[in-house]
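Asker:
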Amino acid sequence: MPSSTPEHYDLLLARCRTLFLAKTHDYGTAWRILRLPSVTDQIFIKANRIRTIQETGVQLVADDVNEEFVAIINYCLIALMQLHLPQDTPLDMTPNAVAEAYDHEAAENRRLLLAKNHDYGEAWRQMRVASITDLILMKLHRVKQLEDIGGAALVSESVEGSYRDMLNYAVFALILRGEG
């Protein structure tokens, strides 16, 4: 079992990457059709389901909550790739191009996680998973607000920063739930 946050991150992101690339094999790059607000809504669906299960204690669909956090990670990476891929990137990307873009965004997120983890002293380890879920939902609300005003924020962090934070929150939740 990994003993440090970077080891946990690497193990979890390797799992997410394997799933993402397997789905790319099966479905191609259909996710490229999604506009950022649609990706935001997909993340919302996942986070809202987690919160509903946390609040009710009842789960009627077999999909595991941990898999929902994995989906949040991968949807955040989709959003980040969509933000940074050049406008002329074809809808159908090669598996190697997808892996390269995925790895680039995951590495950028790792760098951010380590920097924030240093500054905040791993405070997340004392948090409840339900609180982390709430933080993801709060970030989603902020992103929706920013998307609705065309990204014209006066003092707020960027949409990109919110996606990166949500990704890291999902990693933290999985670690706290004993994954990785």
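Heads up: the sequence shown at position 33 corresponds to 33 in the UniProt record's numbering, and the numbers run straight through without jumps. Every residue, glycine too, gets a C-beta built ideally from N, C-alpha and C.
In or out: A115 buried (at least 16 other Cβ within 10 Å) or exposed?
Answerer: As a first step, residue 115 must be located in the sequence shown, where it is residue number 115. It is exposed - the Cβ of A115 has fewer than 16 other Cβ atoms within 10 Å.
Asker: Hey, T24 and P86 are a contact pair by Cβ (cut 8 Å); roughly how many whole angstroms apart?
Answerer: The residue given as residue 24 occupies position 24 in the sequence shown. The residue given as residue 86 occupies position 86 in the sequence shown. In fact, because the Cβ distance is near 19 Å, the residues do not count as touching under 8 Å.
Asker: Based on Cα-Cα distance, which residue from E105, D63, S131 lies nearest to L80?
Answerer: In the sequence shown, counting from the first residue as 1, residue 80 sits at position 80. L80 has its Cα closest to that of E105, out of E105, D63, S131.
Asker: If we count Cβ pairs, one from each stretch, closer than 8 Å, do we get three or more for the stretch 123-136 versus the stretch 166-174?
Answerer: A contact is defined here as three or more CB-CB pairs under 8 Å, and the stretch 123-136 meets this definition with respect to the stretch 166-174.
Asker: Kindly list the residues whose CB is nearer than 7 Å to the CB of L60, restricted to its own chain and excluding five residues on each side of it in sequence; keep chain order.
Answerer: Here residue 60 refers to the residue found at position 60 when the sequence shown is read from its first residue. So no residue of the chain qualifies.
Asker: For H8, is the classification buried or exposed, using 16 other Cβ atoms within 10 angstroms of its Cβ as the cut-off for buried?
Answerer: Within the sequence shown, numbered from 1, the residue matching residue 8 stands at position 8. Its Cβ being crowded by 16 or more others within 10 Å, H8 is buried.
Asker: Between the C-alpha atoms of L11 and T133, what's the straight-line distance to the nearest angstrom?
Answerer: As a working note, residue 11 is residue 11 in the sequence shown. As a working note, residue 133 is residue 133 in the sequence shown. Each residue's alpha carbon lies about 21 Å from the other.
Asker: Is it the case that the Cβ atoms of A47 and L137 are separated by a distance below 7 Å?
Answerer: Position 47 of the sequence shown, counted from the start, is the residue given in the question as residue 47. Position 137 of the sequence shown, counted from the start, is the residue given in the question as residue 137. Yes, the pair counts as a contact, with Cβ atoms nearer than the cut-off.
Asker: Distance check for R15 and L21, CA to CA, integer angstroms please.
Answerer: Counted from its first residue, the sequence shown places residue 21 at position 21. Counted from its first residue, the sequence shown places residue 15 at position 15. Answer to the nearest angstrom: the Cα atoms are 10 Å apart.
Asker: Just how far apart, CA to CA, sit G57 and R164?
Answerer: Residue 57 sits at position 57 when you count from the first residue of the sequence shown. Residue 164 sits at position 164 when you count from the first residue of the sequence shown. So the two alpha carbons sit approximately 28 Å from each other.
Asker: Can you name, in chain order, every residue of its own chain whose Cβ lies under 8 Å from the Cβ of I33, other than the five neighbours on each side?
Answerer: Looking up residue 33 in the sequence shown gives position 33. Taken in chain order, the residues that qualify are L91.
Asker: How many angstroms separate the CA atom of T52 from the CA atom of S38?
Answerer: Looking up residue 52 in the sequence shown gives position 52. Looking up residue 38 in the sequence shown gives position 38. Looking at the two C-alpha atoms, the distance is approximately 21 Å.
Asker: Once DSSP output is grouped into helix, strand and coil, what is the label at I50?
Answerer: As a first step, residue 50 must be located in the sequence shown, where it is residue number 50. Three-state result, I50: helix.
Asker: Measure the alpha-carbon distance for F44 versus I50 and round it to whole angstroms.
Answerer: Locating residue 44 in the sequence shown gives position 44, where the first residue counts as 1. Locating residue 50 in the sequence shown gives position 50, where the first residue counts as 1. Their backbone Cα atoms lie some 10 Å apart in a straight line.
Asker: Taking DSSP as the reference, what is the three-state secondary structure of T18?
Answerer: Residue 18 sits at position 18 when you count from the first residue of the sequence shown. Helix at T18.
Asker: Relative to the C-alpha of residue 181, which residue among T18, E55, G161, R128 is closest?
Answerer: Nothing can be reported for residue 181: it is not among the residues displayed for the chain, which extend from 1 to 180.
Asker: Cutting at 8 Å between CB atoms, please list the residues of its own chain near R177, excluding the five before and the five after it.
Answerer: Taking the sequence shown and counting its residues from 1, the one referred to as residue 177 is at position 177. Answer for R177: V65, N66, F69, V129, listed in chain order.
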